[in-house]
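For the sequence shown, the positions run 18 to 208 when the working numbering is used.
Just so it is clear, CB atoms sit at the ideal spot from N, CA and C, and this is done for glycine as well.
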Amino acid sequence: MTHKPFDIAIRTIDQHEAETREGELADLLVDAVASGASVNFMADFAHADARVFWRGQFPGLGEGSRLLFVADDGRRLLGTVVLTFAPQPNAPHRAEIGKMLVHSDARRQGLGARLLTAAEQAALANGRTLLMLDTASGSAGERLYRRCGWTEYGVVPDHSHTPAGALAPTTFFFKRLVSPNSSGPAGVEQA
Ligand SMILES: CC(C)(COP(=O)(O)OP(=O)(O)OC[C@H]1O[C@@H](n2cnc3c(N)ncnc32)[C@H](O)[C@@H]1OP(=O)(O)O)[C@@H](O)C(=O)NCCC(=O)NCCS
């Protein structure tokens, strides 16, 4: 791909736009599974299955219980990340990161880091100061999260199957966000 990274916008999309672009969102998920990524699905995952997954996410966009960020080059979507606010009454400060996907054509130019940073900033702006996620141990995602200041809190052996069917470990991470107005360092986790 010939784009310069900053020709590509990172932005949220609302429920209506997400529904309109369901096929592109499904393309990204199918591409991730085809590239061997552990994102909850197996190798026989089809485009129709990916559409069903995304349709399940859309109502939350309308209700405000989650935000969907995309990397958009103006022609097609190149990446996603979903920020889901914890619904529990005792966790109004917590949120989860999911479906951190960059198309295999567009990786290794900083889009993953830009998407993650956008989701973290939006979490903080919404009062969500503790973020959680998990990822396949040893994956590009794990490197991304470590580089972006996330803290590992455990590895579960044989947690999930890879798309090809082998049991593999998952690494669990958290990141504590600090408001720029607080006494801690801006936007940096404090374990
Ligand atoms: C994980 C994932 C989202 C990372 O996306 P990405 O856009 O490639 O991420 P970045 O570009 O920010 O960083 C990836 C690598 O490129 C490097 N990089 C970033 N900008 C670069 C540039 N301009 N030139 C060269 N390398 C660059 C980073 O240092 C990083 O290197 P590392 O993996 O060796 O540590 C992507 O690999 C992906 O979609 N994987 C499949 C789905 C998946 O597993 N998601 C995580 C599930 S939790």
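Between which two residues does the alpha helix (DSSP H) containing residue i stretch?
{"i": "residue 133", "result": "128-142"}
{"i": "residue 158", "result": "157-164"}
Quick one: grab the DSSP three-state call for residue i.
{"i": "residue 112", "result": "strand"}
{"i": "residue 83", "result": "strand"}
{"i": "residue 44", "result": "helix"}
{"i": "residue 171", "result": "strand"}
{"i": "residue 62", "result": "coil"}
{"i": "residue 37", "result": "helix"}
{"i": "residue 105", "result": "coil"}
{"i": "residue 125", "result": "coil"}
{"i": "residue 54", "result": "coil"}
{"i": "residue 75", "result": "helix"}
So what does residue i bridge to, in DSSP terms?
{"i": "residue 93", "result": "DSSP lists no partner for residue 93."}
{"i": "residue 99", "result": "85 and 115"}
{"i": "residue 178", "result": "184"}
Within the continuous beta strand (DSSP E) that includes residue i, where are the two ends?
{"i": "residue 153", "result": "147-153"}
{"i": "residue 193", "result": "184-193"}
{"i": "residue 29", "result": "26-30"}
Given a threshold of 16 other Cβ atoms within 10 Å of its Cβ, counted over all protein chains shown, does residue i qualify as buried or as exposed?
{"i": "residue 11", "result": "Residue 11 falls outside the range modelled here, since the chain spans only 18 to 208, and no answer is possible."}
{"i": "residue 33", "result": "exposed"}
{"i": "residue 172", "result": "exposed"}
{"i": "residue 125", "result": "exposed"}
{"i": "residue 64", "result": "exposed"}
{"i": "residue 142", "result": "exposed"}
{"i": "residue 24", "result": "exposed"}
{"i": "residue 101", "result": "buried"}
{"i": "residue 164", "result": "exposed"}
{"i": "residue 96", "result": "buried"}
{"i": "residue 170", "result": "exposed"}
{"i": "residue 158", "result": "buried"}
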